[in-house]
Amino acid sequence: MKPVASGAVRTPDGLRSADALALIEAARTVTPYALVNPYCFEPPVSPQIAAAEAMIDVDIGKIRESFNALADRADWVVIEGAGGWLAPISARQSAADLALALEAPALMVVGVRLGCLNHAQLTRLAVAVRGVRFAGW
């Protein structure tokens with residue numbers, strides 16, 4: 403699941419995120435796009451900026467409904483964030499707020515490059531501060 407995506411492209415089927423399409427392909431199931439990516443924006447900017455420009459309020463309740471529908475179809479659901487743990491998904495909410503609302507553990511993806519250990523440890527601390535279970539990296 404890619405709850406909020408920006409940088410999407412227009413297709414005959416509407417806006418599509420490459421990340422969401424890759425998740426659908428990896429899942430190897432027939433899943434409605436709107437469940438996998440409930441909020442999809444064209445501008446390649448931070449999701450909260452794209453949502454504001456589109457005058458759309460990102461609603462975690464709507465994302466939760468999509469998550470629950472996906473969970474009913476699968477043994478587990480991978481939730482891919484956008485921009486990082488504290489990246490805003492709306493004017494009032496971050497990826498951390500979404501993880502809390504979905505009661506989802508955090509699995510961190512770390513880019514292996516100079517400074518990555520510090521960045522990863524800071525993110526792990528931020529996850530712990532929010533009270534979200536850390537599943538690993």
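Using the working numbering, read the sequence shown as starting at 403 and increasing by one per residue.
Using N, Cα and C, we set each Cβ at its ideal position, and we do this for glycine too.
In the three-state DSSP reduction, residue 500 falls in the helix class (H, G or I).
The three-state secondary structure of residue 490, taken from DSSP, is strand. Non-local C-beta neighbours of residue 466 in its own chain, meaning closer than 8 Å and more than five positions away in sequence, comprise 503, 504, ordered along the chain. DSSP places residue 466 inside the alpha helix (DSSP H), whose first and last residues are 462 to 475.
Residue 509 sits in a strand when the DSSP states are folded into three classes. Here residue 450 is buried: its Cβ has 16 or more other Cβ atoms, across all protein chains shown, within 10 Å. Under the criterion of beta carbons closer than 8 Å, residue 403 and residue 514 do not qualify as touching, at roughly 25 Å. In this chain, residue 516 is not harboured by any alpha helix (DSSP H), its DSSP state being neither H nor E. Contact between residue 471 and residue 527 is absent: CB atoms are separated by about 33 Å, not below the 8 Å threshold.
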